[in-house]
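Here's the structure, in structure tokens; my notes come after.
Protein chains: 4
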Amino acid sequence: MQALVYHGPGEKEWESKPDPGIELPGDAVVRIDTTTICGTDLHILKGDVPTVTGGRTLGHEAVGTVVETGSGVEDVQEGDRVLVSCISACGRCAYCRRGLQSQCLKGGGWILGHLVDGTQAEYVRTPFADTSLYKVPEHLSDEQVLFLADILPTGFEIGVLNGGVKPGDTVAVVGAGPVGLSAIIAAGLYGPGRIIAIDLADSRLDSARKLGADVTINSSSEDPVEMVKEMTGGLGADVVMEAVGVPETFELCTEMVCPGGRVANIGVHGHPATLHLETLWIKSITITTGLVDASSTPTLLKLVSEGRLDTTSLATHRFELGEITEAYDVFSDPAGTNALKVVLSAQ
Amino acid sequence: MQALVYHGPGEKEWESKPDPGIELPGDAVVRIDTTTICGTDLHILKGDVPTVTGGRTLGHEAVGTVVETGSGVEDVQEGDRVLVSCISACGRCAYCRRGLQSQCLKGGGWILGHLVDGTQAEYVRTPFADTSLYKVPEHLSDEQVLFLADILPTGFEIGVLNGGVKPGDTVAVVGAGPVGLSAIIAAGLYGPGRIIAIDLADSRLDSARKLGADVTINSSSEDPVEMVKEMTGGLGADVVMEAVGVPETFELCTEMVCPGGRVANIGVHGHPATLHLETLWIKSITITTGLVDASSTPTLLKLVSEGRLDTTSLATHRFELGEITEAYDVFSDPAGTNALKVVLSAQ
Amino acid sequence: MQALVYHGPGEKEWESKPDPGIELPGDAVVRIDTTTICGTDLHILKGDVPTVTGGRTLGHEAVGTVVETGSGVEDVQEGDRVLVSCISACGRCAYCRRGLQSQCLKGGGWILGHLVDGTQAEYVRTPFADTSLYKVPEHLSDEQVLFLADILPTGFEIGVLNGGVKPGDTVAVVGAGPVGLSAIIAAGLYGPGRIIAIDLADSRLDSARKLGADVTINSSSEDPVEMVKEMTGGLGADVVMEAVGVPETFELCTEMVCPGGRVANIGVHGHPATLHLETLWIKSITITTGLVDASSTPTLLKLVSEGRLDTTSLATHRFELGEITEAYDVFSDPAGTNALKVVLSAQ
Amino acid sequence: MQALVYHGPGEKEWESKPDPGIELPGDAVVRIDTTTICGTDLHILKGDVPTVTGGRTLGHEAVGTVVETGSGVEDVQEGDRVLVSCISACGRCAYCRRGLQSQCLKGGGWILGHLVDGTQAEYVRTPFADTSLYKVPEHLSDEQVLFLADILPTGFEIGVLNGGVKPGDTVAVVGAGPVGLSAIIAAGLYGPGRIIAIDLADSRLDSARKLGADVTINSSSEDPVEMVKEMTGGLGADVVMEAVGVPETFELCTEMVCPGGRVANIGVHGHPATLHLETLWIKSITITTGLVDASSTPTLLKLVSEGRLDTTSLATHRFELGEITEAYDVFSDPAGTNALKVVLSAQ
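Protein chains in written order, with our numbering: chain A, 4 to 350; chain B, 4 to 350; chain C, 4 to 350; chain D, 4 to 350.
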């Protein structure tokens, strides 16, 4: 088969590779029908994720068709159209049982396109198939569910649930890239009072408004802390989500949260931040971090299926699977291309 | 002043009565600008609420203007336009502190139009003014907030919060009168997967659809338990709300809830129901009851103010305050008039 | 092997039967080292549980040693000493994933000694072994963990967690049999203010005091509702647990709960109860039902292992496994024998 | 009267001052029967709390007797023996209503001995008396409730509740001074599996063991991160509480918490800490900060009253009120005196 293979920082190739097969009784092999590229893939290509070694097929998001299952697989079978979640979950360890599948103790978590070969290929082997694949209702298209593989549950679980969004809350989202936009969409599920999107790019702020933000702040020209305080009687936002991943934006979040409020970190960070405990110790705030668990995937699938959730507008560009290197070029230049998410489809 | 006075079962009169004044330091006197009639008022008139004695001014919902305050009142003052909540709260007792103001231990709870004179009058004395009146933002009309005096927080707190509605849930509401419809509106704040409204009147089911129900069942011709089970893979609804107040509908609710689900009783009951513990003991269900606490009123006001919540379509008929006996006639004949809520305005 | 086999109402026999073997890849076969008898077994023998058919080996609680595992079993192996939980859990269905294993959709739940052969035998086949057996730490005796197979998690999950016991709460437990006593022990984990035990037998009330009850009420001579109200300033108990299983005691519970309080039904009921909605609708109470899920078993094992939880004093009588019919005689006559739990050990 | 007055960094005097009187309708004046000194008072004397200005009477903890009440006070009256909480609460603002009285918007919060004159005096004026004083049950001594004025609710709310301690949890408390010890006592209310105390002083670790710690680590000679990980199968503690207030110990806490765990900051910090987001972003942790709200005071009083909570062993030294400067000398030299809390009583 053909696969997008990582060969060390800056090096990737769409190349031939043996088809994957069943290795463990819980495995399935899935033919990729639709996949996409994640910001994390760009991090890997920069060399920021040293646990990804040369020769690894990238990608951790897909919709596909099961072509083979191991002897221990009971809930999915050949021919099933499935969502391949970015999180593989053993389903039995203490963490999986409490809904923290990202911290799986038996070889699950984020492994696809990281510790095992991923989804930017014609086929993928998916471990723990029964607890990591989700059947797609027939009436839904691949694109309607594709973003439930990672960014929508990330925005929902790590942004909205960790942030404890409640009806009436003022919610500020710092960073309006694909994950920040997913958090904005997901925040709508909890009846917020006002959603404020903050970014440096007007095009992303436009998207934020279309997807549910009431107010947008371009932080290149406006002071977001001052503006958020002004809109909230001087108190700050009830919930602030960090969806960028640099120390400065994290610190900004801790400045614009109200006393008693919550800062939900979604961003992937490479550097430590300064935590101003000398002012925050008395402010009764909560800070959360986390990698998506995908524990909400069945709920999100139900909402998409009922027509109450729609993420298709995040797809800005479409390619055939074989055009993946072009797709990377487009996705890695959002300033130039206005790309949010790219969709890659097998012919 | 003129007031609608109860004179025993079946007897009421729009009659002259002395203006109310400050009796305790925490009191305010409010001029009624807009008021409405509640199903509970009809119960009182039937003699179902014996704690209401002859001579009592009815009504527990209003928007008005403060005309006088007691020496202990600090947060509202003469001239403030306020929402008069159906719940008066001392704000200091153990129940008020934990958000169960309906169970206030120091003379609060539902007292207006019940144990003290109410809001269907030109003026009303409101005890515990600081913790029972809510300033209305200038840009909102009386009608935009009037139903936050009782039925919207009732639907939200006793239906949606007690019912624990979560994103993706199938929510069944039995009874599509004003309170059931309020519960349907409020359920939308928690991203439900599907809202099912059940009633005997097609006109009410039409309203339910307009206000957010995805599916309606007329239980005079269809079997709601069977239909709900069919729609949910045989399991039943995650959350079922009882908004009628008779034993039969309560028992229906316990039949259509799924294992692990919740039945939130909103209805006012005059008779005991049968609880089928011989089947329910093993079903892991939760049943809740409650009178509104109005603890959510500031949140709901914020949502109305932000344009994210709108209850104005519940108002089907409008009258001048002096026409209140006509308004009662209309409101007490919903089958004939299709009335949901009537609005009464001072000239 | 020898097994205690049900042959219809009133009929049971300790008789020879073929050894169980692996039937499905997820099965294990466990040699029974220690088992016990549950009140539910007596219900079955009375014919109250028609889903148990003739020929069924009874018993759903044990500590034993794994002697064989199916090809799909990964977490337990031959030689492991394990707790056999009364709940078998597939671990993958929607209910198992949310911690409601009692409602398992794929053939789990309470099946041992009910729908498949149980633990009152020399060997038992245990389905879903990876998610239904729990390794016993070496330093713990069989008796230290035996009651974690059913009654302790039942008291904890269905009594204490469903009842929402919080520090400072007044907790009333109606029925001081083995399950009620387990609930009293488990309530101690949440810092209650006062635990009140209510029963008809002084000997059981003595046990209740030893296990943590502060106050006991013999309801044959005292009025428990009046006494509980007197002890709580007229309000009632914050949490009331029903651990008997008859309509009268359930109704008693709803009378002695305070406004805003919770009634947790633990008892197994054969008849409907009357729910006095005409007084309860306004009282803001919560009623819960449920079969144990055993989701707390790892937590309870940790507490026993740390020496912070001890249920051994519930064992009042000990027998060899072959003496099981004598053990039934003792256990089914608690008034005459003061039996709480009997322990049966393989030689 | 005599009072302990702050006169700028390093300067304090037990001196004569006019008796306080009622200033606002909600005030009470309380005669101090018993008071104590807090670590925060030492911070103030070092000049670390610039909002405390010269002339201020220090102290925010006391048990006393009401001698006068303002016209708006309803729940306490002359002659009542009361606990004076460190938190004054208006009871009406949005923060007080949600139980975050520390963030009171109408002049409450921590004001005694900070923004208004405090309790280290013969008399104190207490604003918002109805919602800030707590009647002491007759059968309890002053010393039994004194530490409920600040450190016990601090340990309970900011340590245990913010930390989300659950039955079975491994809880690590960094810093075994009075507040850390209070957190250890309070953690016992939630059935932890194991409590680990970490400090530099063996004498404090001895106290920790007596008050409920299962394991102690002297971090001057042992590596607490390594030891906690070893005790927890390499994962770390479920809940870690910071009760010191310096960047190093905070960072230590974030190293010893398990994936999915919680760090509850209790310490008062004067400097920022480094938050290692480059490792923590993926660890699904929660960090909380906060000043005590005293919302748990009624619960804690009930537990003391029922004999289920005892903090008297925290009192290591006793003085007459007039000996307060000696008491400060003892309290500010714990290494030399082994002082935990000092008790000062009016003659």
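Every residue gets a Cβ at the ideal spot worked out from N, C-alpha and C, and that includes glycine.
Leaving aside the five residues before and after residue i along the sequence, list all residues of the same chain whose C-beta is less than 7 Å from its C-beta, in chain order.
i, result
"residue 258(B)", "228"
"residue 148(C)", "66, 86, 139, 304, 307"
"residue 72(D)", "31, 79, 80, 81, 132"
Could you name the residues of the same chain whose beta carbon sits closer than 6 Å to that of residue i, not counting the 5 residues immediately before and after it, in chain order?
i, result
"residue 290(D)", "266"
"residue 1(B)", "No answer is possible for residue 1(B): it lies beyond the span of chain B, which begins at 4 and ends at 350."
"residue 340(C)", "333"
"residue 106(C)", "98"
"residue 201(C)", "177, 220, 222, 227"
With a CB to CB cut of under 8 Å and the five nearest residues on each side skipped, what residues in its chain are close to residue i?
i, result
"residue 185(B)", "150, 154, 155, 157, 158, 159, 162, 314, 317"
"residue 349(A)", "34, 35, 36, 37, 125, 323, 324"
"residue 345(D)", "39, 40, 318, 319, 320, 321, 322, 330, 333, 334"
"residue 205(C)", "221"
Would you say residue i lies against chain A (beta-carbon separation less than 7 Å)?
i, result
"residue 305(B)", "yes"
"residue 276(D)", "yes"
Under a CB-based cut-off of 7 Å, is residue i close to chain B?
i, result
"residue 95(D)", "yes"
"residue 254(A)", "no"
"residue 1(A)", "Only positions 4 to 350 of chain A appear in the structure, and residue 1(A) is not among them; the question remains open."
Select from the options the residue whose C-alpha is nearest the C-alpha of residue i.
i, options, result
"residue 310(D)", "26(C), 41(C), 170(C), 105(C)", "170(C)"
"residue 203(A)", "213(A), 220(A), 243(A), 14(A)", "220(A)"
"residue 347(D)", "102(D), 13(D), 145(D)", "145(D)"
"residue 273(D)", "222(D), 241(D), 49(D)", "49(D)"
"residue 3(B)", "23(C), 103(C), 43(C)", "Shown here, chain B extends from 4 to 350; a query on residue 3(B) therefore has no answer."
"residue 216(B)", "137(B), 136(B), 190(B), 25(B)", "190(B)"
"residue 285(C)", "96(B), 45(B), 268(B), 142(B)", "268(B)"
"residue 214(D)", "223(D), 230(D), 197(D)", "197(D)"
"residue 263(C)", "25(C), 223(C), 167(C), 121(C)", "167(C)"
"residue 337(A)", "110(A), 207(A), 123(A), 142(A)", "207(A)"
"residue 92(A)", "112(A), 301(A), 57(A)", "112(A)"
Consider the Cβ of residue i: report whether some Cβ of chain C lies at a distance smaller than 7 Å.
i, result
"residue 75(A)", "yes"
"residue 170(D)", "yes"
"residue 287(B)", "yes"
"residue 17(B)", "no"
Counting contacts by CB-CB distance shorter than 7 Å, is residue i in contact with chain D?
i, result
"residue 265(C)", "no"
"residue 106(A)", "yes"
"residue 215(C)", "no"
"residue 271(A)", "yes"
"residue 28(B)", "yes"
"residue 309(C)", "yes"
"residue 351(A)", "Because chain A here runs from 4 to 350, residue 351(A) falls outside it and cannot be looked at."
### Message
To be precise: take each residue of the stretch 128-152 of chain C, compare its Cβ to all Cβ atoms of chain G, and keep it if any distance is under 7 Å. Which residues remain?
### Response
The displayed structure is made up of protein chains A, B, C and D, and chain G is not among them.
### Within the stretch 7-77 of chain B, ranges of the beta strand (DSSP E) (whole runs, at least 3 residues)
With a minimum length of 3 residues, the continuous beta strand (DSSP E) runs that stay inside the stretch 7-77 of chain B are 15-19, 31-39, 65-72.
### Message
Between the stretch 120-132 of chain A and the stretch 28-46 of chain A, can you find at least three pairs of beta-carbon atoms closer than 8 Å?
### Response
With the cut-off at 8 Å, the stretch 28-46 of chain A and the stretch 120-132 of chain A touch.
### Task
Please confirm if the stretch 56-64 of chain A is in contact with the stretch 7-19 of chain A, defined as three or more CB-CB distances below 8 Å between the two stretches.
Using a C-beta cut-off of 8 Å, the stretch 56-64 of chain A makes contact with the stretch 7-19 of chain A, since at least three inter-stretch Cβ pairs fall below that distance.
#### Entry: Contained beta strand (DSSP E) runs [length at least 3] in the stretch 242-307 of chain B, N- to C-terminal order
Here the runs fully enclosed are 260-268, 276-278, 289-291.
### Message
Report the start-end ranges of each beta strand (DSSP E) in the stretch 153-177 of chain D that is 3 residues or longer and not cut off at the edges.
### Response
If you keep only unbroken beta strand (DSSP E) runs of at least 3 residues inside the stretch 153-177 of chain D, you get 173-177.
#### Entry: Unbroken stretches of the alpha helix (DSSP H), 4 residues or longer, contained in the stretch 94-154 of chain B
97-100, 132-135, 145-149, all fully within the stretch 94-154 of chain B.
### Query
So does the stretch 78-96 of chain A actually touch the stretch 234-248 of chain D, counting three or more Cβ pairs closer than 8 Å?
The stretch 78-96 of chain A vs the stretch 234-248 of chain D: no contact.
### Task
Just list the beta strand (DSSP E) runs in the stretch 313-337 of chain C, keeping only unbroken ones of 3 residues or longer that don't cross its boundaries, in chain order.
Note on the stretch 313-337 of chain C: whole beta strand (DSSP E) runs with a minimum of 3 residues are 318-323, in chain order.
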